[in-house]
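Here is the structure we will look at.
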Amino acid sequence: MKIVFKNLEEKELSNFKGGEKAFKVRMHEGNYNKIMKGILVPGASIGMHTHETNSEVVFVLSGKGTMIFDDTKEILNAGDCHYCPMGHSHSFINESDEDLVFYAVVPEHE
(Lines of atoms letter the chains of each structure in order from A and count residues from 1; the text may use other names and numbers.)
(Lines give C-alpha, C1' and ligand atoms only; values in the text may rest on other atoms or scores of the structure.)
Protein backbone atom coordinates (compact mmCIF):
# COMPACT_ATOMS: atom_id res chain seq x y z
CA MET A 1 0.00 0.00 0.00
CA LYS A 2 1.48 3.31 -1.07
CA ILE A 3 1.19 6.26 1.32
CA VAL A 4 1.66 9.72 -0.20
CA PHE A 5 2.19 12.01 2.77
CA LYS A 6 1.77 15.23 0.78
CA ASN A 7 -1.80 14.12 0.01
CA LEU A 8 -2.67 13.68 3.69
CA GLU A 9 -4.01 16.57 5.76
CA GLU A 10 -1.35 18.30 7.81
CA LYS A 11 -2.35 18.76 11.44
CA GLU A 12 -0.64 21.13 13.83
CA LEU A 13 -0.76 19.75 17.35
CA SER A 14 0.08 22.34 20.00
CA ASN A 15 2.07 21.23 23.06
CA PHE A 16 1.87 17.57 21.94
CA LYS A 17 2.23 15.21 24.95
CA GLY A 18 3.14 18.29 27.04
CA GLY A 19 5.86 19.49 24.67
CA GLU A 20 6.69 22.99 23.49
CA LYS A 21 5.26 24.81 20.45
CA ALA A 22 3.62 22.78 17.68
CA PHE A 23 4.17 19.35 16.16
CA LYS A 24 3.21 19.33 12.47
CA VAL A 25 2.17 15.88 11.31
CA ARG A 26 0.69 14.04 8.34
CA MET A 27 -0.58 10.68 9.57
CA HIS A 28 -1.91 7.44 8.15
CA GLU A 29 -3.84 5.41 10.73
CA GLY A 30 -4.55 1.75 10.12
CA ASN A 31 -6.09 -0.88 12.38
CA TYR A 32 -2.92 -1.46 14.40
CA ASN A 33 -0.42 1.11 13.12
CA LYS A 34 0.16 4.84 12.88
CA ILE A 35 2.63 5.94 10.20
CA MET A 36 3.60 9.60 10.35
CA LYS A 37 5.73 12.23 8.72
CA GLY A 38 6.41 14.84 11.36
CA ILE A 39 8.07 18.23 11.62
CA LEU A 40 9.32 19.91 14.77
CA VAL A 41 10.17 23.56 14.08
CA PRO A 42 13.10 25.12 15.98
CA GLY A 43 12.34 25.15 19.70
CA ALA A 44 9.48 22.62 19.41
CA SER A 45 9.30 19.32 21.24
CA ILE A 46 7.18 16.26 21.88
CA GLY A 47 6.79 15.85 25.64
CA MET A 48 7.97 12.84 27.65
CA HIS A 49 5.51 9.96 27.32
CA THR A 50 5.45 6.21 27.96
CA HIS A 51 4.55 3.65 25.31
CA GLU A 52 2.27 1.43 27.37
CA THR A 53 0.47 -0.51 24.59
CA ASN A 54 2.73 0.17 21.62
CA SER A 55 6.29 0.90 20.54
CA GLU A 56 7.73 3.55 18.20
CA VAL A 57 10.39 3.72 15.53
CA VAL A 58 11.62 7.21 14.52
CA PHE A 59 13.79 7.80 11.43
CA VAL A 60 15.24 11.30 10.96
CA LEU A 61 15.06 12.62 7.39
CA SER A 62 16.62 16.05 7.96
CA GLY A 63 17.72 18.28 10.79
CA LYS A 64 19.03 17.37 14.22
CA GLY A 65 17.17 16.50 17.40
CA THR A 66 17.65 15.42 20.98
CA MET A 67 15.84 12.27 22.05
CA ILE A 68 15.47 11.74 25.78
CA PHE A 69 15.04 7.96 26.13
CA ASP A 70 14.27 6.78 29.67
CA ASP A 71 17.29 8.24 31.51
CA THR A 72 19.58 8.77 28.50
CA LYS A 73 20.07 11.59 26.02
CA GLU A 74 20.66 10.73 22.33
CA ILE A 75 21.52 13.17 19.54
CA LEU A 76 19.80 12.14 16.30
CA ASN A 77 20.94 13.41 12.89
CA ALA A 78 19.60 12.79 9.38
CA GLY A 79 19.81 9.07 8.68
CA ASP A 80 19.65 8.05 12.35
CA CYS A 81 16.94 5.81 13.77
CA HIS A 82 15.53 5.60 17.31
CA TYR A 83 13.51 2.73 18.76
CA CYS A 84 11.32 3.08 21.86
CA PRO A 85 10.08 -0.37 22.96
CA MET A 86 6.77 -0.88 24.73
CA GLY A 87 7.08 0.03 28.41
CA HIS A 88 9.71 2.73 27.84
CA SER A 89 9.49 6.54 27.69
CA HIS A 90 10.88 9.19 25.39
CA SER A 91 10.71 12.85 24.38
CA PHE A 92 11.94 14.49 21.14
CA ILE A 93 13.33 18.04 21.10
CA ASN A 94 14.46 20.31 18.28
CA GLU A 95 17.15 22.55 19.78
CA SER A 96 18.56 23.54 16.36
CA ASP A 97 17.70 26.48 14.06
CA GLU A 98 16.27 24.31 11.27
CA ASP A 99 13.21 22.08 10.97
CA LEU A 100 13.54 18.53 12.27
CA VAL A 101 11.77 16.23 9.79
CA PHE A 102 11.18 12.55 10.53
CA TYR A 103 9.11 9.47 9.88
CA ALA A 104 7.58 7.60 12.83
CA VAL A 105 5.84 4.24 12.97
CA VAL A 106 3.78 3.31 16.03
CA PRO A 107 2.54 -0.31 16.01
CA GLU A 108 0.05 -1.42 18.66
CA HIS A 109 0.82 -4.64 20.53
CA GLU A 110 -1.73 -7.19 21.69
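Numbering-wise (the working numbering), the sequence shown opens with residue 3 and increments by one.
Here a beta-carbon is modelled for each residue, glycine too, at the ideal position from N, C-alpha and C.
Return the CA-CA distance between residue i and residue j, expressed in angstroms with no decimal places.
i   : j    : result
S98 : M69  : 13 Å
K13 : V27  : 5 Å
Y34 : A46  : 28 Å
P87 : V60  : 11 Å
E11 : I5   : 12 Å
T55 : E110 : 6 Å
S57 : E100 : 27 Å
G3  : V62  : Here residue 3 turns out to be Met, not Gly, going by the sequence shown. If you take the alpha carbons of M3 and V62, they lie about 22 Å apart.
Please work out which residues of its chain come closer than 8 Å, Cβ to Cβ, to residue i, disregarding the five sequence neighbours upstream and downstream, and give them in chain order.
i    : result
M50  : K19, G20, I70, S91, H92 and S93
K113 : Outside the modelled stretch of the chain, which goes from 3 to 112, sits residue 113, for which no answer is possible.
Rank the options by C-alpha distance to the C-alpha of residue i and give the top, closest one.
i   : options                  : result
F7  : M29, E22 and A24         : M29
G89 : T52, I5, E11 and G32     : T52
E22 : E112, I95, H111 and E100 : I95
S64 : I48, P44, D72 and D73    : P44
Using a Cβ-Cβ cut-off of 6 Å (strictly less than) and excluding sequence neighbours within five positions of residue i, which residues of its own chain qualify?
i   : result
K66 : N79 and S98
Y85 : V59
Within the same chain, show all residues whose beta-carbon is closer than 7 Å to that of residue i, passing over the 5 residues directly before and after it, in chain order.
i   : result
D72 : H90 and S91
F25 : L15, F18, G40, L42, A46 and I48
Inset, instruction - Examine the Cβ distances between the stretch 91-106 and the stretch 28-47 and report whether three or more of them are shorter than 8 Å. - result: yes
Inset, instruction - Answer yes if the stretch 6-26 comes into contact with the stretch 76-88, meaning at least three C-beta pairs across the two stretches below 8 Å, and no otherwise. - result: no
Legend entry - Those runs of the beta strand (DSSP E) which lie wholly inside the stretch 16-88 and span at least 3 residues: 24-31, 35-42, 47-52, 58-64, 66-71, 74-79 and 83-86
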